[in-house]
Each structure stands twice: as structure tokens, then as C-alpha cells.
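Number of protein chains: 2
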Amino acid sequence: MTLLRTSRPARADRGIPDATVARLPVYLGALAELAADGRSTCSSGELAEAAGVNPAKLRKDLSYLGSYGTRGVGYDVAVLRHHIGRELGQTQTWDVVIVGAGHLGSALSAYHGFDSRGINVAAVLDTDPARIGTDLAGVEVRPFADLEAVVEEFGIAIAVVATPGEAAQGVADALVAAGVTSILNFAPAVLQVPETVTVRKVDLSIELQVLAYHEQRRASGHEAADEEVAG
Amino acid sequence: MTLLRTSRPARADRGIPDATVARLPVYLGALAELAADGRSTCSSGELAEAAGVNPAKLRKDLSYLGSYGTRGVGYDVAVLRHHIGRELGQTQTWDVVIVGAGHLGSALSAYHGFDSRGINVAAVLDTDPARIGTDLAGVEVRPFADLEAVVEEFGIAIAVVATPGEAAQGVADALVAAGVTSILNFAPAVLQVPETVTVRKVDLSIELQVLAYHEQRRASGHEAADEEVAG
DNA sequence: TCTTGTGAACTGGTTCACAGCT
DNA sequence: AGCTGTGAACCAGTTCACAAGA
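As they're listed, the protein sequences go chains F and U. Taking the numbering used here, the leading residue of the first sequence gets 938, the next gets one more, and so forth. Taking the numbering used here, the leading residue of the second sequence gets 938, the next gets one more, and so forth.
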């Protein structure tokens, strides 16, 4: 036992690198496809191909979860699905609340594929009286003031912010106060939250601007200019 | 001249790191806010705060664009906006086509803040006859078969895929064939495209699964377990 | 013989800390 | 005196290449 005392870096308790965690759901999706095709086993090469990553990276990613492959053979599809799902917390269903019943909020409520991944939209909230009481994919829109009650009722830890940018910080403050500890932010705003709260941000406009940057470079012929310096 | 021949890494022609490019739009947003507040100048510290990054990172990011600050003073808000905007290709308006007029496609068409960032939704396409002809935020939904015509008509280089996962690869193939060179993919599918085409992927379900992972760890008390190994 | 699992090298990105300029 | 711009140290993540094992 004492042998390994200092040999391990700092991943003592299986803290998986962020980059790996973000890819696990992709692997899970690829495995679901393989399973649907009737495959019961697969190699790292096949799975990597289906997930669009390099095989070595895939193997390293999976190695963080444990050794669930068989050398010379590959991975058992069902076994691997089970272990990745467990690691991602899919043994339980996570009830989430969506704040903002505008176009994006509606799109999210209706998004299929949440259910199969352990995510359930438990409630949708809005401040606009015109929206309150309407039905979004089977969930009734409730007043934002119900936030605390909703969080309590469903034991909600994860919230989605789909409001205009101006409203986002106020909503985030209320979410934190209500006890939410993870926020997915679609509003074009930088949220200020305590360190104990995890925030992920998705900005549709930013994604397009990054693409515009690449187009711009392409258009001005920057691609093969690596030798310029030697001239 | 010969002095520098091999001293430079490979950024000869101002190829900005991907991570930096992804942050430039955030800086632009923060600068817009400062400008709206009547500020004409700002320090790296203030801007970094508003953008939610560390000041050294901000300065390094900006240094890739050139030296547009003044030592001892800071940055001129208007000047910096101009240069970041130019680098991101905002001197022109990018017409984009959205494929898929479902909930997400509708949300994207209606998304405000595209216009101010040089993005214009030129067309929305769908295969569903029930959707064709309907109006989405001022844009009429056209049949998917019009793709080539639309790309030609507007000179489109950037497309958004907002279809179900099963349809995504077929759509991507058609986009590439029509001459599109950048794709923003919202469909839960791994797109196979030629190397010359840039793809960015946003998967709503993945983002939530990553949050669920963090919640799961929190719940099982993994945070302060770094000493476990020494015991 | 085939494929996993993983040290080791490498690459890209972040942070530090200070020289250089105003 | 103050703030930018940037080399240098550092850290995370990726890829390589091969030993270990079915």
C-alpha cells in the first residue's frame, strides 16, 4: 500500500479532467448508436471514429473511469454505457428548471434527448404574465416568483437561464439564493456567482462570430503562409 | 531581417490562438457595455473584470491583435472595439442560412444581437411542407431544395444546422456541396466534412450532462479528498 | 496477434512577474 | 507612479509509441 503513496499525481479520488467529462456524453451517444446497430462489442478505433476523436485520446479518457476494456478484444458496449452513464450521474434523473419561456426556453423545453440522458425539465418560469399559464411541451409556465417553491418541490440543483442579457444576473442571484448549484447560461452576459456554484455558458452569437473569423481569414488567403517568415 | 528567421514560433501571419478568438466576442460585448456607460477609456483590469477573465490573459489576448493600448493609461474603448471587430470580420455583414425551422431554428432566427455583430439570417430552410412559407422573425421559410439557390443568391459561407440528429449528416453534405465552408451544428450528431470546412458544435444535452457530473460529485462529497492518498 | 492501458514527449494555453513606455 | 506588453515558468490536454495482457 505504502508503495503507491506518492506515485499518483493528484487524481486520488477520480477527479476526471474537464475536457474528458465534456467528451463522455459524446461517447455515450456513439455507444447508443452502436447498440442500436446490434453491436455488442467494439474497439477503441471504431468508437473513436464514431465519436470523431483520435483513438489514443478515447482510450486515455476511458482509462480515467477504470479498466473496462479487454486487451486484444475491445470494449463491451453495454458495460461501457453503464459505466459512463454512472460516472455522469445518469443513475438518477436530474430535474432542472428553465428560466425564460421565450423562443429559446421553448426550444429547450421541447428538446428531445434530455429524457434519455437523465435530464427532466421539471418547470419553466417567466415574469411575463402573457406567458404564465401557457403550456410548453407538457410543462405549464409558472411565475418566476415561484422559484423557491419549485426548487424545493423538485429538489432542483441545476437551472437553465434563457432570459435576455439584462435580466440574467438578477435571475442568477435568485437561483443561487434558492439553492441552485449549477447554472447553464444562454444569456449574453457574464454571470457573477459564488465559487461554490458551477456555471457553463453557451452564447449562440459568439459561436457564429468565431466562424466569421475563420471565414474572414480564409477570404484573405492566410492559410498557407507559414513560410513567410523564412523568406 | 535574417536575425529573426527562426526565432518566431509559427504565428508569422497573425494566426490568433483559437482560445483567444473565442474570447474576443466577449471582450467586444464588455466594451459595448462600457461605451454605453459613457466610458471612453479603460484599463485591462476593468475590462478583464467585465469579461470575467484574468487581466494578464486579457492583455495577452489583445497583444495578438497588435499594440493598441497606452502604457500607464489603458485602452481607448472605441479604438479597441474597432480593432477587435475588424479582426472578427465585422467590417462586413455575414449572411447565414439556418437549416431546420423547428423550435431551435425559430429561436435562432429570432435571436437578437446577431444584427449588431455582423450576422444576418438571410434564409431559413426546412423540408416540412407545413413549415414552408411560414414567417420566422421576418424571414420566410423556404424549401430545403432551394439551398443551392440561396447560397448563390446571398453568397453564403456560414450555415447553421438545427435539424434532428438523423438528418444532420445529409444536410451537412448538401451544405458542403453547395459551397458552404463554415457550419455551426446544433444537431446531436458528429458531422463528417472535408478538412477545408470548419465545424463548431453546440449540444444542449451535453452541456447539461456536464453539469450533472459536477452535481453528482458534489453530492458524493468528493471535493476535499486530496489527502486520501497520503493516509 | 490484436487491442488495451499508460508513461513520456509534446503542444497549446494560462499565469506570473517585470521590463518598457507614458 | 501606473499600466501595458511579453518572455519565461507553469499547467492541462493531446498524441505517441510501446509494454502488458487476452
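Backbone N, C-alpha and C define an ideal beta-carbon position, used for all residues, glycine too.
| Query | Result |
| --- | --- |
| Below-7 Å beta-carbon distance, U:Pro954 vs any chain F residue | no |
| Spatial distance of F:Val1098 from F:Thr1007 (CA atoms) | 43 Å |
| C-beta neighbour in chain U for F:Leu1025, strict 7 Å | yes |
| Residues sharing a beta bridge with F:Val1034, DSSP | F:Ala1060 and F:Ala1096 |
| Chain-ordered neighbours of F:Pro962 on chain U, where CB pairs are closer than 8 Å | Asp1140, Ser1142, Ile1143, Gln1146 and Val1147 |
| Backbone secondary structure at U:Arg1068 - three-state DSSP | coil |
| Close beta carbons around F:Ser1142, own chain, < 7 Å, minus the five adjacent residues each side | Pro1125 |
| Assigned exposure category for U:Val958 - 16 Cβ within 10 Å defines buried | buried |
| For U:Gly1011, three-class secondary structure by DSSP | strand |
| Status (buried if at least 16 other CB within 10 Å, exposed otherwise) for F:His1151 | buried |
| Cβ of F:Thr1071 within 7 Å of any chain U Cβ | no |
| Chain-order list of residues whose beta-carbon lies under 7 Å from that of U:Val1014 (same chain, five-residue window excluded) | Leu968, Leu971, Ala972, Arg976, Ser977, Thr978 and Cys979 |
| F:Asp1140 to U:Val1139 span [Cα, whole Å] | 10 Å |
| Nonlocal neighbours in the same chain, by C-beta distance under 7 Å from F:Pro1101, ignoring five residues either side | Ala1124 |
| Own chain residues within Cβ distance below 6 Å of F:Val963, not counting five before or after | Ala988 |
| Backbone CA spacing between U:Ser981 and F:Glu1103 [nearest angstrom] | 23 Å |
| Rounded straight-line distance, which links the Cα of U:Leu1084 to that of U:Asp1195 | Nothing in the structure corresponds to residue 1195 of chain U, since chain U is present only between 938 and 1168. |
| Residues of the region 1050–1076 of chain U with Cβ closer than 7 Å to any Cβ of chain F, in chain order | Gly1050, Phe1051, Arg1054, Gly1055 and Ile1056 |
| Whether U:Ser1043 touches F:His1020 by CB criterion (7 Å) | no |
| Candidates F:Ile1093, F:Gly1037, F:Gly1050 and F:Arg960, of which the one nearest F:Ala1067 by Cα | F:Gly1037 |
| Three-state secondary structure (DSSP) of F:Val990 | coil |
| Environment of U:Glu1029 [buried if 16+ CB atoms lie within 10 Å] | Looking at the sequence itself, residue 1029 of chain U is Gln, so the reference to Glu does not match. Per the 10 Å Cβ criterion, exposed. |
| Integer-rounded CB distance, given that U:Thr1135 should sit under 8 Å from F:Leu1148 | 6 Å |
| Length at least 4, wholly inside the region 1079–1166 of chain U: the alpha helix (DSSP H) runs in chain order | 1084–1091, 1102–1115 and 1141–1156 |
| Residues in the region 1115–1139 of chain F having any Cβ partner in chain U nearer than 7 Å | Thr1118, Ser1119, Leu1121, Pro1125, Val1127, Thr1135, Arg1137 and Val1139 |
| Chain U within 7 Å of F:Gln1153, Cβ atoms only | yes |
| Secondary structure of U:Gly1042, DSSP reduced to three states | helix |
| Pair within 7 Å by beta-carbon distance, U:Thr1071 and U:Val1061 | no |
| Given F:Leu965 as reference, the closest of F:Asp974, F:Pro954, F:Leu1025 and F:Pro992 once Cα atoms are compared | F:Leu1025 |
| C-beta neighbour in chain U for F:Val1087, strict 7 Å | no |
| Spatial distance of U:Leu999 from U:Tyr1005 (CA atoms) | 8 Å |
| Straight-line Cα distance separating U:Tyr1012 from F:Ser1046 | 42 Å |
| Contacts of U:Val1033 in chain F (Cβ-Cβ under 8 Å) | Leu1145 |
| Beta-carbon proximity check, F:Val1172 vs F:Ala1114, cutoff 7 Å | Any question about residue 1172 of chain F goes unanswered here, given that chain F covers just 938 to 1168. |
| Given U:Val1010 as reference, the closest of U:Tyr1001, U:Ile1069, U:Asp1065 and U:Glu983 once Cα atoms are compared | U:Glu983 |
| U:Asp974, DSSP secondary structure in three states | coil |
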